[in-house]
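Only one structure is covered here, and it is reproduced in the block below.
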RNA sequence: GGAGGCAUAGCUCAGCUGGUUCAGAGCAUCUGCCUUACAAGCAGAGGGUCCUUGGUUCGAAUCCAUGUGCCUCCA
């Protein structure tokens, strides 16, 4: 690779776009991300498979950046890192898209056979599937692409079917007629987790139901108060179209207002069906009128009531959400439920059945995928018996609670436990075609006769005495029923349970995912891990936040507030985008995305780039040609940076151990920007047009390389580019495999006094508006001069000082201005008249502050209870504080004196 | 309605088991600087009643309680 700096514009700005694609191809060519089992320790991550037809959004960017950081770091640490990519067939979402595409072509799904439809779907998948994976490459994701899997490919589908059969055998799966969440647009059942509740403004209609026997329309309470005089009861509902399916009215048995009506009948408006008034404690007396209409076919709770009281179930809706003939009223049959809702309200009003209409806010369930309003519907579905499943696998909860599987942040454990402890059975059948078809077989009467992979196996199972025909279940399985097997199935752990891969890579290490799919996916993977591998599927779960815009709105297509990640990458470079996302994303916290963060990321790249330009621009001479004083100083500086670097490495290790990636990155940011660029490079930088000595240069390159290695997981592209630029590398070498820095436990080298003195002088220059070119003469007045003496050269260089005098007895005079540096003084000679009063003022203020501080410390120390109760070393520290403050005050007083007080 | 969480600088957050990490970081703002790697930069500065009110304690941003506001999940 070239050793030339080729990507710099005339102004010194770098252009990340120019090398990112180059390096990604290089990595692929050299198979750096490919993993095969070997003797090394494995480090495995399976990607949360994105929808096969999806496109990259900001959430993916965040999620995959984090995974890439973890996997790249592990790879550099010498582990056998394996990041398995893939996509999810996403039955509802994909089927909806294919149906839409066909509709645009003028083809109706209902006109196609199952096979015809599926061939269209596969065609669509081949064409658009995997776009998202290509996009991940732009981000720098170091997935092992040779291992790319798809949840509907043959081997994974087989696993799904086998698992279904296995669970059925174990008695953990059953088929039952139950109330489910029905998506009238997707025409399928949904699990509870796929229903999203949204608050909507709706209306509460108060409808009069005439009482059949009018004589009893009057009522009295036990103390003779008249409370009811109308010949009807009033019932409040938000869904007036469902009255056509009412089969009872229910009141609370304790409700004085209605006690006398229990057992009587009312008529449903328009259709005049006579229904009974029953009593059950379930009814809330304070909601609406306290009188509930019971519609067992269209409400979960009503269904339960219906079962309890043996009520008729009248389903008035078609699978598309239209009213059917059971609604009885010709005006409404064949119309959409929302159309009917409006119309029936008008009709009821005209007919005098409406008492009043109120504005009302309520929660309406909608389909996560199609957005359609969910209708509770009674259908035959397949279920996983979760209670039984968990009784069999108690580790599912225990492993998380005991941190065997660690959640980051840990407070997600509570949510997890709550869900597990209140778990409901999982509805796994979907009335769709795109997905794994349920391996259940029915005879001509529609009775379940076998659960088997193929028709032959099914027939064999039934036995030779059977001579009729059997048909396979029309439904497919919930997509999550394949996703929950993902960490096992990507390694063919079902097909071949003892293969090399599954034995090596499973259990995986980290899972990075969004908190909203904890139930859909994370919990269920834990279940499948214990059920089929008898082990946890991963050791750490990192929950990312939700990416929101600056106004805290969730980023979404419909709001149009989400930037296109690829545009961002094109504008700022992948490294900048990665850094921008990570800087503000502590685990579990939502990210308020703002383009300025990405800009900051890019600026950081620019900083690093310019450090590189600086170093590469130096002329190198042998040590013998350079003044010894410079070399000595450079050696000290190098040792200082080495120690500082070591300190940050161990700090970063700690942050990674806690999965605090944004803090690790911030530590790195400061190390590079402040310690390396602002201090170290300035310390060793030769004077204008002067050469640098060889040993210093070599050491600097070494430090630079170490920094690049440390940074590489976060910013893979620029680090690779510079790494190759610093020294010529062999073809095929890459920073991806460079050893990750390890903390050596070096002793900290304290330059703080030197730095403070330099900063104080720079400060003075700034305050007085003096040019940095003007060199000063200074006197250092310190009890312990060694800290300054050993760095005299540096002080001169970095603060532009012409002469340093060490004098313990010096006094500031007319032209000598005193700067306090910790407990010492730096006197700077200025060729200008000092505003003595202003200086005195400044010093006076400082003294006052310190005296106040002393007072508070004294108060503590003179408090017997403090001295007796506090830890001894703490008391000692307070004494030290006092001593320091005293010393500082005396220094300041001296300064005051010498100013002529 | 149930469960959990959060409230610290203009913004985003850190602050573990109370006391030198105790009022911090980054960004933003302001003031100087085109200083020979970098204006995508350099050198500085300002900025907070640690949400309210009580309590525990020698000592509270930190622990407890109350109120308020916000968020998430579940029904």
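Numbering (our numbering), first residue to last: 55 to 955.
Just so it is clear, CB atoms sit at the ideal spot from N, CA and C, and this is done for glycine as well.
In the DSSP assignment, what are the bridge partners of residue i?
i: residue 235; result: 244 and 430
i: residue 140; result: 203
i: residue 531; result: 483
i: residue 291; result: 259
i: residue 367; result: DSSP lists no partner for residue 367.
i: residue 384; result: Answer is none; residue 384 lacks a bridge partner.
i: residue 435; result: 230
i: residue 419; result: 251
Keeping to the same chain, check which residues put their C-beta closer than 7 Å to that of residue i; ignore five residues upstream and five downstream.
i: residue 942; result: 874, 877 and 904
i: residue 840; result: none
i: residue 277; result: The pLDDT assigned to residue 277 is 46, lower than 50, so where the model puts this residue is not dependable; a value taken from the coordinates is nonetheless given after this. Here the set comprises nothing.
i: residue 226; result: 438, 439, 442 and 443
Cα-Cα, which of the options is closest to residue i?
i: residue 421; options: 546, 430 and 414; result: 430
i: residue 97; options: 470, 194 and 136; result: 136
i: residue 791; options: 123, 811, 127 and 92; result: 127
i: residue 317; options: 325, 324 and 334; result: 334
i: residue 87; options: 184, 104 and 191; result: 191
i: residue 72; options: 750, 756, 406 and 772; result: 772
i: residue 476; options: 690, 560, 146 and 246; result: 246
i: residue 580; options: 949, 718, 454 and 758; result: 454
i: residue 324; options: 630, 310, 384 and 480; result: 384
i: residue 665; options: 207, 848, 758 and 319; result: 758
i: residue 426; options: 618, 543 and 235; result: 235
i: residue 572; options: 173, 471 and 520; result: 471
i: residue 119; options: 762, 203 and 630; result: 630
i: residue 582; options: 450, 783 and 339; result: 450
i: residue 228; options: 139, 820 and 479; result: 479
i: residue 782; options: 726, 199, 819 and 670; result: 670
i: residue 754; options: 731, 742 and 768; result: 731
i: residue 238; options: 186, 308, 256 and 146; result: 146
i: residue 869; options: 857, 856, 883 and 231; result: 883
Looking only at its chain, what residues have a beta carbon closer than 6 Å to the beta carbon of residue i, apart from the 5 residues adjacent to it on each side?
i: residue 205; result: 142, 143 and 536
i: residue 939; result: 904, 907 and 908
Skipping 5 residues on each side, what residues in its chain have a beta carbon closer than 8 Å to that of residue i?
i: residue 567; result: 102, 117, 575, 576, 595, 596, 597 and 598
i: residue 747; result: 674, 675, 676, 677, 679, 680, 684, 685 and 688
i: residue 287; result: 262, 263, 265, 303, 312, 315, 320, 331, 343 and 345
i: residue 946; result: 874, 897, 900, 901 and 904
i: residue 672; result: 740, 745, 746 and 751
i: residue 589; result: 560, 561 and 583
The alpha helix (DSSP H) that contains residue i, what's its start and end?
i: residue 821; result: 806-822
i: residue 709; result: 682-711
i: residue 96; result: Segment 96-100 is the beta strand (DSSP E) holding residue 96; no alpha helix (DSSP H) there.
i: residue 577; result: 577-582
i: residue 394; result: 391-404
If I follow the unbroken beta strand (DSSP E) through residue i, where does it start and stop?
i: residue 874; result: 870-875
i: residue 650; result: Element bounds for residue 650: not the beta strand (DSSP E) but the alpha helix (DSSP H), 649-670.
i: residue 744; result: Counting along the chain, residue 744 falls outside any beta strand (DSSP E), and DSSP gives it neither H nor E.
i: residue 597; result: 592-597
i: residue 217; result: That residue, residue 217, is in no beta strand (DSSP E); its alpha helix (DSSP H) goes 208-223.
i: residue 830; result: 830-835
i: residue 515; result: Run containing residue 515: none in the beta strand (DSSP E); it sits in the alpha helix (DSSP H), 509-516.
i: residue 883; result: 878-883
i: residue 494; result: 494-496
i: residue 563; result: 562-567
Check your understanding: Is the number of C-beta pairs between the stretch 823-838 and the stretch 795-803 that are closer than 8 Å three or more?
Key -> A contact is defined here as three or more CB-CB pairs under 8 Å, and the stretch 823-838 fails this definition with respect to the stretch 795-803.
Practice item. Please confirm if the stretch 381-396 is in contact with the stretch 290-301, defined as three or more CB-CB distances below 8 Å between the two stretches. Key: Contact between the stretch 381-396 and the stretch 290-301 is present, because at least three Cβ pairs lie under 8 Å.
Exercise for review: Say whether the stretch 499-511 touches the stretch 544-559, bearing in mind that this needs 3 or more beta-carbon pairs closer than 8 Å, one atom from each stretch.
Suggested key: Proximity of the stretch 499-511 to the stretch 544-559 falls short of the contact definition, fewer than three beta-carbon pairs being nearer than 8 Å.
Check your understanding: Between the stretch 347-366 and the stretch 297-307, do three or more beta carbon pairs fall short of 8 Å?
Key -> Contact between the stretch 347-366 and the stretch 297-307 is present, because at least three Cβ pairs lie under 8 Å.
Exercise for review: Count the C-beta pairs between the stretch 488-505 and the stretch 515-531 that are closer than 8 Å, then say yes if the count reaches three, no if not.
Suggested key: The stretch 488-505, when compared against the stretch 515-531, does touch it at the 8 Å Cβ threshold.
**Study point:** Inter-stretch contact (C-beta, 8 Å, three-pair minimum) for the stretch 151-159 and the stretch 72-85
**Key:** Counting Cβ pairs under 8 Å, fewer than three are found: no touch.
Check your understanding: So does the stretch 439-446 actually touch the stretch 191-202, counting three or more Cβ pairs closer than 8 Å?
Key -> Under the Cβ criterion (8 Å, minimum of three pairs), the stretch 439-446 does not count as touching the stretch 191-202.
Review point. Would you call the stretch 479-490 and the stretch 165-178 in contact, with 3 or more CB pairs under 8 Å?
Key: The stretch 165-178 and the stretch 479-490 touch, with three or more beta-carbon pairs separated by less than 8 Å.
Practice item. Spell out a yes or no on whether the stretch 79-93 and the stretch 554-566 are touching, meaning 3 or more CB-CB pairs, one atom from each, closer than 8 Å. Key: Touching, yes, given that three or more Cβ pairs across the two stretches are closer than 8 Å.
Point to revise | Segment contact, 8 Å Cβ cut-off, at least three pairs: the stretch 649-666 with the stretch 709-716 | key: Output reads no: the stretch 709-716 does not touch the stretch 649-666.
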